[in-house]
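K.L.:
Residue numbers (this note's numbering), protein chains in the order written: chain P, 59 to 264; chain V, 59 to 264.
Even for Gly, the Cβ is constructed at its ideal location relative to N, Cα and C.
There are 2 protein chains.
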Amino acid sequence: MVKGANNPRDEASGRSLRADAKRNRDKLLAAADGMFSERGADASLDDIARRAKVGIGTLYRHFPTREALLAAACDERLLALAKKSRMRQASMAPGDALRAFLEDVVRHASMYRGLATSFGIVLQNGSPGCHATTEVGLELLEHAQRAGQIRRDVEFEDVVCIATAISLAASQSPARRTRRMVAMFIDGLRGAGVDDRARLSQEIEK
Amino acid sequence: MVKGANNPRDEASGRSLRADAKRNRDKLLAAADGMFSERGADASLDDIARRAKVGIGTLYRHFPTREALLAAACDERLLALAKKSRMRQASMAPGDALRAFLEDVVRHASMYRGLATSFGIVLQNGSPGCHATTEVGLELLEHAQRAGQIRRDVEFEDVVCIATAISLAASQSPARRTRRMVAMFIDGLRGAGVDDRARLSQEIEK
DNA sequence: ACCTGAACACCGTTCAAGT
DNA sequence: ACCTGAACACCGTTCAAGT
């Protein structure tokens with residue numbers, strides 16, 4: 059339980075919330091998670107407010123954009139993902155830990171049906187879970203690179219792109235394809251043989 | 059000019075169209091292409107009908123879904139893509155021709171802003187352009203595989219997934235990343251060294 | 001056979017009024 | 001300081017009436 063993540067603060071301002079406001083925020087979060095789970099990431103905001111028994115204006119006050127609401131609703135699960143990934147860092151080979159992380163992120167990017175489309179924006183939201191996930195991911199990547207298991211020229215942004223990309227593609231095609239795509243991508247990140255390497259860097263740079 | 063592709067037939071039924079219906083269809087197509095180009099793939103269908111000076115019902119009669127309209131609007135450009143790719147088949151090494159094809163498809167999947175999201179569905183639409191593109195792509199893949207430049211276990215569906223995935227990711231991030239991602243993916247498809255290959259097939263199957 | 005557009009059921013967002 | 005919900009401006013889709 060990371061208690062600090064649940065304190066009564068408004069995302070944008072960081073100010074403390076009045077008791078009733080905090081209550082409303084929690085009700086909105088619960089309602090949003092339920093609604094997003096049942097009907098996907100493009101569920102009606104009106105319905106969410108109604109389920110939370112709160113005026114629609116209150117929803118907008120707490121979460122000015124749909125992405126802000128999505129990020130807040132995802133937050134706990136992203137924190138859990140970060141924690142799990144950090145533990146793997148100790149027990150697995152660096153390259154394998156990165157692949158496991160990539161698979162997890164792909165899964166989470168489709169936590170709600172249709173979430174993948176905006177997952178990139180959601181991750182930039184700066185909520186605790188987003189921050190933690192980004193941090194572990196970066197560590198895992200650097201670790202794998204120092205171990206020589208992943209190309210040096212891969213940036214963390216590439217990994218995020220790849221994850222959302224696979225997730226987006228996977229949501230439109232049978233599940234078995236996901237695993238294939240992760241494996242293929244990791245293979246690409248791993249780097250080609252000695253002969254290929256020089257030609258490849260030429261291909262990549264300009 | 060492939061004249062056969064422009065004949066006055068309704069996509070679904072295949073029956074010939076009355077002269078005024080054919081005229082309306084063409085006006086809708088022109089209006090749709092303009093509107094999609096200006097405002098993206100989620101442009102208002104009402105606006106398109108209005109620009110075509112046609113009742114909204116007429117739009118629905120000709121194109122029952124938004125994807126059908128998108129596919130029809132894309133069709134000429136997809137035919138051109140297929141033709142260009144077929145020409146490269148003669149003049150380039152099989153692996154390079156496939157990469158060029160992949161880059162083209164990625165570009166076309168974002169022909170209109172926001173198109174990538176539904177590009178998979180659009181490609182399954184069966185219009186002449188979609189059909190031609192699928193056909194060349196399949197040939198290019200098999201050709202590259204026979205030449206030993208691409209793994210045998212890659213299916214054409216994978217290539218489509220990859221293309222839309224990259225396109226989707228690219229639309230949310232700087233342009234220079236696209237090229238990197240294509241290169242990395244192709245690297246993945248190419249296959250790892252001899253030692254890696256056995257482990258990788260294990261990873262992929264189940 | 002085809003076209004038209006009013007009618008319907010939705011949706012997101014704002015903001016004046018209330019506590 | 002925060003909440004409420006009516007009001008506004010949209011959107012996709014259908015279908016009875018018209019040619």
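Just the C-alpha distance for Glu197(V) and Ile220(V), rounded to the nearest angstrom, thanks.
P.N.:
17 Å
K.L.:
Just to confirm before moving on: does the CB-CB distance between Ser229(P) and Ser168(P) stay below 8 Å?
P.N.:
yes
K.L.:
Let me confirm a value: Gly98(V) is counted as buried when at least 16 other C-beta atoms fall within 10 Å, else exposed. Which label applies?
P.N.:
Gly98(V) comes out exposed.
K.L.:
Ignore the nearest five residues each way along the sequence and tell me which others in Phe214(V)'s own chain have a CB closer than 8 Å to its CB.
P.N.:
Thr192, Gly195, Leu196, Leu199
K.L.:
Are at least three pairs of beta-carbons, each pair with one atom in the stretch 131 to 144 of chain V and one in the stretch 104 to 120 of chain V, less than 8 Å apart?
P.N.:
no
K.L.:
How should Met145(P) be labelled, buried or exposed, when 16 other C-beta atoms within 10 angstroms of its C-beta is the threshold for buried?
P.N.:
exposed
K.L.:
Within its chain, find whatever has a CB closer than 6 Å to the CB of Leu127(P); leave out the 5 residues flanking it on each side and keep chain order.
P.N.:
Only residues of its own chain outside the window of five on either side were considered, and among them Ala90, Phe121 have a CB closer than 6 Å to the CB of Leu127(P), listed in chain order.
K.L.:
Is there at least one Cβ from chain P nearer than 8 Å to Asp162(V)'s Cβ?
P.N.:
no
K.L.:
Kindly indicate if chain V contains any beta-carbon less than 8 Å away from that of Thr222(P).
P.N.:
yes
K.L.:
How far does the alpha helix (DSSP H) with Lys80(V) in it reach, from first residue to last?
P.N.:
77 to 97
K.L.:
Is the beta carbon of Ala129(V) less than 8 Å from the beta carbon of Val180(V)?
P.N.:
yes
K.L.:
Hey, could you find the ends of the alpha helix (DSSP H) Ala138(V) is sitting in?
P.N.:
124 to 149
K.L.:
Kindly indicate the opening and closing residues of the alpha helix (DSSP H) around Glu200(V).
P.N.:
186 to 204
K.L.:
From the DSSP output, in three-state form, read off Ser229(V) for me.
P.N.:
coil
K.L.:
If you check the beta carbons only, do Leu160(V) and Val212(V) fall under 8 Å apart?
P.N.:
Against a cut-off of 8 Å, the Cβ pair of Val212(V) and Leu160(V) comes out as no contact.
K.L.:
What is the residue span of the alpha helix (DSSP H) that Leu103(V) lies within?
P.N.:
103 to 109
K.L.:
Could you have a look at Ser168(P) and say whether DSSP puts it in helix, strand or coil?
P.N.:
Three-state result, Ser168(P): coil.
K.L.:
Exposed or buried, what is Gln182(P) when buried is set at 16 or more other beta-carbons lying within 10 Å of its beta-carbon?
P.N.:
exposed
K.L.:
For chain P, find out if any of its Cβ atoms is closer than 8 Å to the Cβ of Ala99(V); answer yes or no.
P.N.:
no
K.L.:
So Gly115(V) is in the alpha helix (DSSP H); what residue range does that whole segment cover?
P.N.:
Its alpha helix (DSSP H) spans residues 114 to 120.
K.L.:
Smallest Cα separation from Gly172(P): which of Ala227(P), His201(P), Lys142(P), Ser143(P)?
P.N.:
Ala227(P)
K.L.:
Please go through the same chain and pick out, in chain order, the residues whose beta-carbon is closer than 6 Å to the beta-carbon of Ala190(V), but skip the five residues on each side of it.
P.N.:
Leu137, Ala140
K.L.:
Could you tell me whether any non-hydrogen atom of the ligand FMN is closer than 7 Å to the CB of Leu226(P)?
P.N.:
Ligands in the displayed structure: none, and consequently the ligand FMN is not present.
K.L.:
Who pairs with Ser176(P) in a beta bridge, going by DSSP?
P.N.:
Paired residue(s): none; Ser176(P) is not in a bridge.
K.L.:
Looking at chain P, which residues of the stretch 113 to 128 of chain V have a Cβ within less than 7 Å of any of its Cβ atoms?
P.N.:
none
K.L.:
Express the C-alpha separation of Ile208(P) and Pro152(P) in angstroms, rounding to a whole number.
P.N.:
9 Å
K.L.:
Look at Val223(V) and Leu156(V) and say whether their C-beta atoms are less than 8 Å apart.
P.N.:
The sequence given here places Ala at residue 223(V); Val does not occur at that position. Contact flag unset, no.
K.L.:
Please go through the same chain and pick out, in chain order, the residues whose beta-carbon is closer than 6 Å to the beta-carbon of Ala101(V), but skip the five residues on each side of it.
P.N.:
Excluding its 5 nearest sequence neighbours in each direction, Ala101(V) has C-beta neighbours in its own chain below 6 Å: Met93, Phe94, listed in chain order.
K.L.:
Does the CB of Ala227(P) have a neighbour CB from chain V at under 8 Å?
P.N.:
Taking Cβ atoms only, chain V reaches closer than 8 Å to Ala227(P), which makes this a yes.
K.L.:
Would Ser149(V) be called buried (16 or more neighbouring beta carbons within 10 Å of its own) or exposed?
P.N.:
exposed
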